[in-house]
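So the sequences go chain by chain: C and V.
Here our numbering is used: position 23 in the first sequence is 41, and no number is missing along the way.
Here our numbering is used: position 58 in the second sequence is 76, and no number is missing along the way.
To keep things clear, I will list the structure first and then write my remarks on it.
2 protein chains.
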Amino acid sequence: MPTTTTESIYTNLITALEDRGLRKTAARAAVTSRIETTGKAFTAEQLCIDLPQVGRATVYRTIRHLVDAGALCKLQILDGAPMYSIARVEHHHHKICSRCGAVGEFQHSTVERVMRSLEKEIDGDIIGHRMEIFITCSQCIADSRTGESSVG
Amino acid sequence: MPTTTTESIYTNLITALEDRGLRKTAARAAVTSRIETTGKAFTAEQLCIDLPQVGRATVYRTIRHLVDAGALCKLQILDGAPMYSIARVEHHHHKICSRCGAVGEFQHSTVERVMRSLEKEIDGDIIGHRMEIFITCSQCIADSRTGESSVG
DNA sequence: ATGCTAATTGATATCAAGTATCAATACTGA
DNA sequence: TCAGTATTGATACTTGATATCAATTAGCAT
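Printed below as a string of structure tokens:
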């Protein structure tokens, strides 16, 4: 489960796995460590490339465990493979730079309030919601002014 | 482009294609007609099965044209193939029954207002957003009470 | 109506993402 | 140590979707 602690991302991810009764192994350590050092959102395929010493199946399995544990968010950014970002806080939404792909989190109480008011209008029971905002991040705005690119 | 007219869905879809300079062909008529009669959200694969006389490539291509034209919405409902729903109004969000998969649209002015207020907090320029709410629709609630299922 | 030409089609091959299989290996607890 | 279970990873497979390209067709000009 996502927590906001002073622990390292690595420790949180490993703990998330152990809490599910999974062993701490070299492969899982490599995957979680890489997720920490990458820092930003990533695709499963990217992790496989970054960790040639870990089998594809294991990379995918570990990601799945982490998503199931709530330690990673799976993000479908239309077209292409889903991206995964570290879940830092319990409930949040994502802001995605459509230029460089950077993914950030945000929380906004009004969104939650909107959900409650929608409850009256919607025909059925609301069981969850998801929201993404697409942005051009300040870095990309700056880069476009100087003609650079920081994608990657 | 999505419009709220008294025209049939079929006519709107065909018009959307023609507006892009695409020809009206038997294959495209079959695809759009099927989308109309299906009525609800569908997957590309489902359309292929429903229309064995139309080639897979053509089904996928026609869907892509319709999405590009804004006549269909592509919905990533985590895991599995994307679903497509008919875009009836300009800007809207989706409500998805996680029991039966029915997809509906809704508009809510507060969501748009939230976006404007977020604009100040977010580091960068907001260029769009997406919101989905997951529900159990009233039909499924009713069915679960009588032990039935209306999936399909 | 006829023919021209570019758009379209669809069988097929291919690609890409992800999962299933399963023998080999690594832990863990007694 | 040993038995038993969890884990790994090479490989094959599945699924969703796109690329190729020869054959066909729509729409236009005449």
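Just so you know, even glycine gets a beta-carbon here, dropped at the ideal spot from N, CA and C.
Cβ pair V/ALA62, V/TYR102 closer than 9 Å: yes
Residue environment, C/LYS58, which counts as buried when at least 16 other CB atoms sit within 10 Å: exposed
Taking its Cβ as the centre, do 16 or more other Cβ atoms sit within 10 Å of V/MET19, making it buried, or is it exposed? Confidence is the limiting factor: at V/MET19 the pLDDT is only 49, short of 50, which leaves the residue's position unreliable, though a coordinate-based value still follows. Looking at its Cβ environment, which holds fewer than 16 other Cβ atoms inside 10 Å, V/MET19 is exposed.
With a threshold of 16 other CB atoms inside 10 Å of the CB of C/VAL77, please say whether the residue is buried or exposed. buried
For C/ARG38, which residues from the same chain have a beta carbon less than 8 Å from its beta carbon, with the 5 sequence-adjacent residues on both sides left out? HIS83, ASP86, ALA87
Straight-line Cα distance separating C/ILE67 from C/VAL49: 11 Å
Answer yes if the stretch 142-159 of chain V comes into contact with the stretch 138-157 of chain C, meaning at least three C-beta pairs across the two stretches below 8 Å, and no otherwise. In this structure the stretch 138-157 of chain C lies against the stretch 142-159 of chain V, because at least three pairs of beta carbons, one per stretch, are closer than 8 Å.
Compute the beta-carbon to beta-carbon distance between V/THR128 and C/SER127, rounded to the nearest angstrom, for a pair I have assumed lies under 8 Å. Their Cβ separation, rounded to whole angstroms, is 12 Å, which puts V/THR128 and C/SER127 out of contact at 8 Å.
Classify V/VAL72: buried if its beta carbon has 16 or more other beta carbons within 10 angstroms, exposed otherwise. buried
V/ARG148 touches chain C at which residues, Cβ-Cβ below 9 Å? Within chain C, the residues near V/ARG148 are LEU96, ARG148, MET149, GLU150, ILE151, PHE152.
From V/GLY165 to V/CYS158, what does the alpha carbon distance come to, in whole angstroms? 10 Å
Contact check, C/VAL107 vs C/GLN94, beta carbons under 9 Å: For C/VAL107 and C/GLN94, no; Cβs fall outside 9 Å.
In this structure, what does DSSP give as the bridge partners for V/THR154? C/ASP143
In this structure, what does DSSP give as the bridge partners for V/LYS42? Paired residues: none, contrary to the question.
What are the boundary residues of the beta strand (DSSP E) that includes C/HIS112? 111-115
CB contact check: C/HIS172 to chain V, cutoff 9 Å: Limits of chain C in this structure are 19 at one end and 170 at the other, which puts residue 172 of chain C out of reach.
On the premise that C/ALA120 lies in contact with C/ALA105, defined as a C-beta separation below 8 Å, what is that separation, rounded to the nearest angstrom? Contact flag wrong, Cβ pair sits at about 16 Å.
Name, going along the chain, the residues of the stretch 124-136 of chain C whose beta-carbon falls closer than 9 Å to a beta-carbon of chain V. PHE124, HIS126, THR128, VAL129, ARG131, VAL132, MET133, SER135, LEU136
Can you name the residues of chain C whose CB is closer than 7 Å to the CB of V/ASP143? Those within 7 Å of V/ASP143 in chain C are ILE153, THR154, ILE159.
Which residue spans inside the stretch 34-95 of chain V form an unbroken alpha helix (DSSP H) run of at least 4? Entirely contained in the stretch 34-95 of chain V, the alpha helix (DSSP H) runs reaching 4 residues are, in chain order, 44-56, 62-68, 74-86.
Among C/GLN64, C/ALA34, C/ALA44, C/SER26, the one whose alpha carbon lies nearest that of C/GLU54: C/SER26
If I follow the unbroken beta strand (DSSP E) through V/GLY122, where does it start and stop? Taken as a continuous stretch (DSSP letters only), the beta strand (DSSP E) holding V/GLY122 covers 121-124.
Rounded straight-line distance, which links the Cα of V/LEU31 to that of V/LYS42: V/LYS42 and V/LEU31 have their C-alpha atoms some 11 Å from each other.
Could you check what DSSP says for V/ARG106 in three-state terms: helix, strand or coil? coil
Under the DSSP definition of a beta bridge, which residues are partnered with C/ARG131? BP columns for C/ARG131 are empty, so no partner.
Measure the C-alpha to C-alpha separation of V/GLU139 and V/ALA45 and round it to an integer number of angstroms. 48 Å
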